[in-house]
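So the structure is just underneath, and the comments pick up after that.
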Amino acid sequence: MKNYDIIVIGAGHAGCEAALASARMGCKTLLLTLNADHIALMPCNPSIGGPAKGHIVREIDALGGEMAKNIDKAYINIRLLNTSKGPAVHALRAQADKHKYQFEMTKVLQKQNNLDLKQTVVTDLIVDNQQVTGVKTITGMDYQAFKVILTTGTSLNGKVIIGDIKYTGGRQGEFAATDLAESLTEAGIKLERFQTATPPRIDKESVDFSKMTIHPSSKEKIQFSFFQPRQEREDVPCWLTYTNHKTKQVVEDNIEHSPLTTGIVEGEGPRYCPSIDRKIMRFPDKNSHQVFVEPEGLHTNELYLNGLTTSMPEAFQVDIIRSVPGLEEAEIMRPGYAVEYDYIPPYQLQPTMENKVVQDLYTAGQINGTSGYEEAAAQGLMAGINAVLALKGKEPLILKRSDAYIGVLIDDLVTKGTNEPYRMLTSRAEYRLILRQDNADLRLSSIGHRLGLISEQQYQQVEDKRKAIAKNLEKLNDIQITPTKKVLEALKELGSGGLKKPVSLATILERPKIDYQNLDKFTSEVPEVTPEIAEQLEIRTKYRGYIDRQLSQVEKFKQREDKRIPEEIDYQSLDNLRKEAREKLERIRPVSVGQASRISGVSPADISVLMIHLEELQRGGRQDD
Amino acid sequence: MYVTDTIAAISTAVGEGGIGIVRISGPEAIEIAEEIFKNKKEKSLIEVDSYTAHYGQVIDPRNQQVVDEVITLVMKAPKTYTTEDIVEIDCHGGPIVLQKILDVVLHMGVRLADPGEFTKRAFLNGRIDLAQAEAIIDLIRSQTEIGLEVAIDQLEGGLSNKVNQIKEDIVSLLAHLEATIDFPEDEIEDFNPEQLGDRIDGALKKTSELLETSQRGKILREGLEVAIVGRPNVGKSSLLNALLRENRAIVTEVPGTTRDVIEEVINIDGIPLKIIDTAGIRKTEDKVEKIGVEKSEKFLKRADLVLLVLDINQGISAEDRELMRLIKSKQTVVVANKFDLDNNLDLEVIDQLLPQAPVVKTSAIENQGIDKLEDVISDLVFSGDIRASNQTLITNMRHKNALDRARQRLLDVQQTFERRLPNDFITIDLRAALEAVGEVTGDTIGEDIIDQIFADFCLGK
Chain L
6 MKNYDIIVIG AGHAGCEAAL ASARMGCKTL LLTLNADHIA LMPCNPSIGG
56 PAKGHIVREI DALGGEMAKN IDKAYINIRL LNTSKGPAVH ALRAQADKHK
106 YQFEMTKVLQ KQNNLDLKQT VVTDLIVDNQ QVTGVKTITG MDYQAFKVIL
156 TTGTSLNGKV IIGDIKYTGG RQGEFAATDL AESLTEAGIK LERFQTATPP
206 RIDKESVDFS KMTIHPSSKE KIQFSFFQPR QEREDVPCWL TYTNHKTKQV
256 VEDNIEHSPL TTGIVEGEGP RYCPSIDRKI MRFPDKNSHQ VFVEPEGLHT
306 NELYLNGLTT SMPEAFQVDI IRSVPGLEEA EIMRPGYAVE YDYIPPYQLQ
356 PTMENKVVQD LYTAGQINGT SGYEEAAAQG LMAGINAVLA LKGKEPLILK
406 RSDAYIGVLI DDLVTKGTNE PYRMLTSRAE YRLILRQDNA DLRLSSIGHR
456 LGLISEQQYQ QVEDKRKAIA KNLEKLNDIQ ITPTKKVLEA LKELGSGGLK
506 KPVSLATILE RPKIDYQNLD KFTSEVPEVT PEIAEQLEIR TKYRGYIDRQ
556 LSQVEKFKQR EDKRIPEEID YQSLDNLRKE AREKLERIRP VSVGQASRIS
606 GVSPADISVL MIHLEELQRG GRQDD
Chain P
3 MYVTDTIAAI STAVGEGGIG IVRISGPEAI EIAEEIFKNK KEKSLIEVDS
53 YTAHYGQVID PRNQQVVDEV ITLVMKAPKT YTTEDIVEID CHGGPIVLQK
103 ILDVVLHMGV RLADPGEFTK RAFLNGRIDL AQAEAIIDLI RSQTEIGLEV
153 AIDQLEGGLS NKVNQIKEDI VSLLAHLEAT IDFPEDEIED FNPEQLGDRI
203 DGALKKTSEL LETSQRGKIL REGLEVAIVG RPNVGKSSLL NALLRENRAI
253 VTEVPGTTRD VIEEVINIDG IPLKIIDTAG IRKTEDKVEK IGVEKSEKFL
303 KRADLVLLVL DINQGISAED RELMRLIKSK QTVVVANKFD LDNNLDLEVI
353 DQLLPQAPVV KTSAIENQGI DKLEDVISDL VFSGDIRASN QTLITNMRHK
403 NALDRARQRL LDVQQTFERR LPNDFITIDL RAALEAVGEV TGDTIGEDII
453 DQIFADFCLG K
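Chain order of the listed sequences is L and P.
Going by the numbering used here, the letters in the first sequence line up with residues 6 to 630, in that order.
Going by the numbering used here, the letters in the second sequence line up with residues 3 to 463, in that order.
Right, here's the structure in full:
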C-alpha cells in the first residue's frame with residue numbers, strides 16, 4: 006500500500022521545484038526536509054541569476070516552475086547585465102531578501118494541493134530488487150511511494166570545515182545525512198566527494214560604506230517571471246570595495262592555515278568560486294581583488310562578502326576582512342566555511358534524472374555534482390516532471406541542447422560528467438543565440454502548458470506575443486521608406502549612412518545605430534507595440550542572418566538527436582568499436598546517436614560503426630516480424 | 003536519412019592517364035555542380051533528366067578560369083547509389099586536374115567525404131544489402147586508421163605547430179570574450195576595438211599564410227617537374243648525369259643522340275625533382291627524333307621549372323634566342339655550361355630575354371657548379387627565406403579544406419567586427435573557425451575554452 010505517489014527528500018531549490026511540479030501535475034506528493042524553517046534556504050550567495058543562470062530561471066518560469074516568481078517577490082536589488090554584449094547574453098541578476106525568499110516559497114508549498122510537508126531525517130531508502138519503494142525515517146515512520154526524488158544538496162556525509170576544525174554537518178548549523186549516504190552505497194550507487202565554500206557574513210553596523218562604491222538597483226521595471234505581475238518594492242544597494250597589499254600580506258603570512266596548505270578539505274572545489282587564499286596564491290601579480298558587499302535582506306544586518314570566501318581559522322578571517330577599506334572594524338556574525346559532501350557522479354544518471362542503478366529513484370541538484378540554486382531548481386523541476394510522466398506511463402521530457410539551457414545542463418551532466426561542482430555558463434551552450442532569456446517563454450511555454458504547469462491564460466499570453474511578433478514583422482517588411490529629405494536627415498541625425506532607393510522599414514531597422522524607438526522619424530506608420538514586442542522585432546531584424554544560420558545548424562543537430570539508440574543495445578558485441586569507445590558507450594548508455602557523438606573518446610568512425618549497426622538491427626527486426 | 007549535407011571526393015584511383023571522376027552526393031549536389039559547370043547550350047543541370055551526360059567546362063568561380071573540359075553525369079534521387087542526388091564530373095585523369103576540380107567543388111561549401119562515406123550513405127539509406135554492412139565497417143575502420151596515421155605523420159613537426167598556434171590564438175581570444183560575457187562583474191578588461199581587430203587580423207593572417215604554403219605542399223608531395231632544354235650538344239645529358247651523379251643518359255659528341263624524353267627523379271633539400279631531359283628542340287627530318295622533339299615541346303609547356311643549358315664557349319646562337327622566347331613565361335634557371343672553356347657568353351642578351359632567370363655557371367663534365375645549381379633551384383622553390391624559417395607545408399587536401407573553411411569563418415568574424423556588432427556575434431564565427439581548425443588537429447571544442455578562461459583570468463567570488 007503506497008502512502009504517496011512521489012516522495013521528495015530535501016526542500017532546497019531542487020526539492021521545492023520537484024515537489025511542486027509533482028503535486029501540480031496531480032500526484033500525491035510528500036516533501037521531507039531536515040529543517041522546516043530552512044525551506045528554499047540560500048546558504049551561500051544571496052542572489053539569483055546572472056549569465057546562463059538567469060536564463061535558466063526564465064526557462065523554469067516558462068515551464069511552469071516557481072523560482073522566477075519567488076525571486077520576483079523577494080528581490081531587493083535587480084540589474085540587467087551584459088547589455089552591450091548582444092541580446093543572447095543579456096542576463097538578469099537579483100539580490101534576494103533571503104528570509105523573504107524562504108517565507109514566500111514556504112507559503113507556496115503550504116498552500117499547494119496534493120502536497121504534504123514534513124520535517125524529519127530520512128535514514129534509508131527502501132530498495133527492493135534494485136527498485137526504490139519508499140523511505141525510512143529516524144523517528145521510525147516509513148513512507149511508501151512509486152517514485153522517490155533525492156535532492157539532498159550538500160548534506161550527504163557533509164563535513165563543515167573552518168581552519169583546523171572539521172565536524173559533521175550538511176551546512177553550518179545543520180545535520181548531515183550520513184545514514185542515507187550509506188543506504189545509497191548499499192544500493193550499488195557510487196559516491197564521490199566535492200567541496201565548496203562560502204564567505205563570512207558581517208554586521209552592517211560595523212561597516213564604513215563611505216569608503217566603498219555604491220551599486221544601486223536598476224530603476225527599470227525588470228523581473229524574471231513572464232507571467233506574474235510586477236510588484237513595487239523597496240530596493241537597497243550593494244557596495245563595492247577592494248582587497249589590497251595588506252590583505253595579501255595576511256593571507257601569505259598565514260597560508261599554512263589555509264586548507265590549500267593543510268589539505269584538510271577533500272574533493273574538488275569549483276574553479277569559479279575560488280577562496281581569497283587561492284586567488285592571492287594563484288595570481289600573485291594581482292594586488293587587489295573586488296569585494297562586493299551584499300545585503301542578505303531587509304530585516305537583517307548580515308552582509309555577505311562576495312569575493313572573500315575563505316575557510317581559514319576564524320581569527321585570520323577577521324584579519325583578512327579588516328585589511329579591506331570600509332571593513333576595518335567589521336564584526337563577523339558567521340565565519341566563512343568550507344563544506345565537503347558526497348555526490349553521485351552523474352554518469353549514473355539518465356537524461357530523465359532517474360538513476361540507472363536503482364529504478365524509480367530520481368536525483369536533482371548538488372547531489373548530482375552541480376552547484377548553484379538555479380541549476381538545482383532546473384534539475385528539480387525536470388526530475389519532478391519526469392517522475393510524474395513515468396508514473397503516468399507517458400513519454401519522458403528530455404530537453405535538447407537546442408531547446409534550453411536546462412537541456413544543455415542535463416546533457417552535459419549525463420554525457421560528459423563533471424570534475425568540479427558544475428556551474429552553467431553561456432559558453433557551454435552552442436546555440437546561445439537561440440537560447441535567449443527574452444524568448445524562453447516562446448521556446449518552452451507550450452511544453453509547460455502541455456504538462457499542465459502553465460495555465461490556459463498564461464499560454465494564451467505567450468501565443469498572443471508570438472502572433473504579435475509575426476504580424477508586426479510582416480508590417481515592417483511591407484512599409485516602404487523612400488529617400489526623401491526628411492528620411493535622409495533622420496538617417497544623418499542617427500549617424501547612419503545614406504539611402505539611394507526605397508527600402509522596407511525592416512531594412513532601416515537592420516542598420517546598427519537605429520532602434521525601434523527611432524523608427525517614427527522615418528514614417529508615421531510605425532506599428533505601435535509594447536517594449537517587449539519591440540525588442541523581439543529588433544532582435545529578429547538586426548540579427549536575422551546569424552539567427553538563421555544557427556537555426557540551420559540546429560536542424561542538422563536534431564537529426565542525430567532524433568536517431569534513438571535502443572535501450573537493450575549490447576555494446577560488447579560490437580567488435581568494430583574501439584575498446585575505449587565500447588567502454589564509454591557501455592557506461593553512459595546514450596539515448597541517441599547525437600548524445601553518443603558527444604562522449605569524449607567516441608570517434609566519428611565509432612559513430613559510423615554504431616549507425617551501421619543500428620541500421621542492421623532495424624532491418625533484422627523487420628525480418629523477424 | 004541521418005545526415006543531409008553534401009559530400010564530394012575523387013572516386014577514381016589516383017594516377018596519370020585515363021579519366022578521373024569527382025563525385026558529389028547530397029541535396030545540394032546538382033545546385034553546386036550547376037554553379038561551376040558551363041556548357042555551350044546553357045542548359046541548366048537542374049532541369050536535365052536523370053541519368054544524362056553533359057559536355058562542358060568546369061569554371062573556377064574565384065577567378066573565372068577554365069579548370070578542365072569535362073562530362074558531367076547527373077543522377078537524381080532516389081534512384082542513385084546513395085539514394086541522394088549525385089553528380090559525377092568526368093575529367094582528365096591527372097591528379098592535378100582532379101584535385102583542382104575537387105578543390106573548386108569544396109570551395110562551394112561541400113564537405114570532403116570521409117573514407118567509405120558514399121557506401122555508408124548507400125547502406126544507411128537502405129540502398130544496399132545487409133551483407134555489405136560488415137565490409138563497409140571494415141573500410142571505415144581501416145581507412146580511418148590509415149587516415150589517422152597519415153594525419154598524425156603530417157601533424158608532427160611544423161604543420162601541427164602552425165595549426166596549434168592558430169588554434170591557440172582563437173581559443174585565447176574566445177576565452178577572453180567569453181570570460182567578459184560569463185563573468186560580467188569580474189575585473190576583466192574588455193577589449194578596445196583596436197585590440198580586438200588586431201587579434202582577429204592576426205589569426206586570419208596566420209591562417210592565410212599557412213594556406214599559401216599549400217601550393218608548396220603539392221610540390222613536396224608530388225615533386226617539381228623540371229625540364230632541361232637547350233640546343234643539341236650543349237651538355238644537357240651531362241648536366242642530368244651530374245645531377246644524378248650517375249650515368250643514365252647516353253652522352254656522345256654526335257648531336258641528336260638523346261632521342262627520347264628521359265625522366266629521372268632526384269632529391270634536393272627534400273624536394274623531389276622530376277627531371278625531364280628533353281631531346282634537343284630543333285627542326286628535324288628524322289622521324290624518331292621528330293616525335294621526341296614534339297614530346298619535348300609538350301613537356302616544356304607542363305614543366306614547373308626550366309633549366310636552359312647554354313654552351314659558354316659557343317655563345318648565344320639564334321636557336322638559343324628562339325628557345326629563350328619559347329620559355330620566357332616559365333620559371334627558368336640559365337645554366338651556362340662548359341665554363342672550363344673560353345667564355346663567349348653575352349650576359350646582356352640573357353638579361354634582356356629572361357630578366358628574372360638566375361644564371362649559374364657549371365661544368366657538367368667536370369662536376370663543377372652543380373652544388374650551386376642545386377642551391378639556386380632549392381631557393382626558387384622555397385622562394386628566398388622560406389627554407390631558413392622552416393616554413394610549414396600543407397600536403398593534405400583535407401587539411402587544406404578545413405583551413406580554408408577556418409579562413410572563411412575568420413573573414414566572417416572580421417566582417418562582424420567591422421559592423422560593430424556586439425561581442426557575442428564575434429564569438430559565433432570564432433567558434434565555427436575553431437571547429438574547422440579542430441578538424442586538422444583532431445580536437446573538438448569542449449572544455450578547452452572554459453579551461454582557458456580559468457587559466458587566464460582570476461574569476462569568481
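The C-beta atom is built at its ideal place from N, Cα and C for all residues, glycine as well.
Once DSSP output is grouped into helix, strand and coil, what is the label at residue i?
i         : result
Cys-21/L  : helix
Gly-111/P : coil
Asn-306/L : coil
Gln-117/L : coil
Leu-404/L : coil
Phe-297/L : strand
Leu-412/P : helix
His-95/L  : coil
Arg-583/L : coil
Met-72/L  : helix
Val-165/L : strand
Phe-125/P : helix
Val-173/P : helix
Met-77/P  : strand
Gly-389/L : helix
Glu-196/P : helix
Ala-464/P : With chain P represented from 3 up to 463, any question about residue 464/P goes unanswered, as that position is not in the structure.
Arg-339/L : strand
What does a CB cutoff of less than 7 Å around residue i pick up in its chain, not counting 5 residues either side in sequence?
i         : result
Gln-167/P : Lys-208
Note down the Cα distance separating residue i from residue j, rounded to an integer number of angstroms.
i         : j         : result
Lys-330/P : Arg-549/L : 53 Å
Asn-65/P  : Val-106/P : 11 Å
Val-72/P  : Ile-26/P  : 14 Å
Gln-558/L : Ala-434/P : 11 Å
Thr-315/L : Val-255/L : 13 Å
Ala-251/P : Asp-344/P : Low confidence applies to Ala-251/P: its pLDDT is 39, below 50, so where it sits in the model is not reliable, and the reading given next is rough at best. Between Ala-251/P and Asp-344/P, the C-alpha separation is close to 26 Å.
His-454/L : Lys-226/L : 26 Å
Ala-79/P  : Ile-9/P   : 15 Å
Leu-440/L : Ala-192/L : 38 Å
Please go through the same chain and pick out, in chain order, the residues whose beta-carbon is closer than 6 Å to the beta-carbon of residue i, but skip the five residues on each side of it.
i         : result
Leu-185/L : Val-127
Leu-313/L : Pro-204, Ile-281, Val-296
Ala-79/L  : Ala-101, Asp-102, Lys-105, Tyr-106, Glu-109
Cys-93/P  : Gly-22, Asp-70, Val-72, Val-99, Ile-103
Gly-412/L : Leu-404, Lys-405, Arg-406
Lys-40/P  : Gly-58, Gln-59, Ile-61
Less than 8 Å between C-beta atoms, sequence neighbours within five positions excluded: which residues of the same chain meet that for residue i?
i         : result
Ile-538/L : Lys-470, Ala-473, Ile-474, Asn-477
Glu-368/P : Asp-342
Under 9 Å, Cβ to Cβ, is there at least one residue of chain A near residue i?
i         : result
Ala-601/L : Of the chains in the structure shown, none is chain A; the protein chains are L and P.
Q: Would you list, in chain order, the members of the stretch 437-449 of chain L that have their beta-carbon closer than 8 Å to a beta-carbon of chain P?
A: Taken in chain order, the members of the stretch 437-449 of chain L whose beta-carbon sits within less than 8 Å of a beta-carbon on chain P are Arg-437, Leu-438.
Q) Given a limit of 9 Å on CB to CB distance, which residues of the stretch 353-370 of chain L reach chain P? A) The residues in question: there are none.
(Q) My parser needs the beta strand (DSSP E) runs of 3 or more residues fully inside the stretch 231-268 of chain L; what are they? (A) Under the rule that a run must span 3 or more residues, the beta strand (DSSP E) segments found entirely inside the stretch 231-268 of chain L read 243-247.
Q: Could you list the residues in the stretch 497-521 of chain L with a C-beta less than 7 Å from some C-beta on chain P, going in chain order?
A: If the cut-off is 7 Å between Cβ atoms, the stretch 497-521 of chain L has Pro-517 near chain P.
Q: With 8 Å as the C-beta to C-beta threshold (strictly closer), list the residues of the stretch 64-90 of chain L near chain P in chain order.
A: When C-beta distances to chain P are compared with 8 Å, the residues of the stretch 64-90 of chain L below that value are Leu-86, Asn-87, Ser-89, Lys-90, in chain order.
**Q.** Positions along the stretch 422-433 of chain L whose CB lies within less than 8 Å of some CB in chain P
**A.** For the stretch 422-433 of chain L, the set of positions with a beta-carbon nearer than 8 Å to some beta-carbon of chain P reads Leu-430, Thr-431, Ser-432, Arg-433 in chain order.
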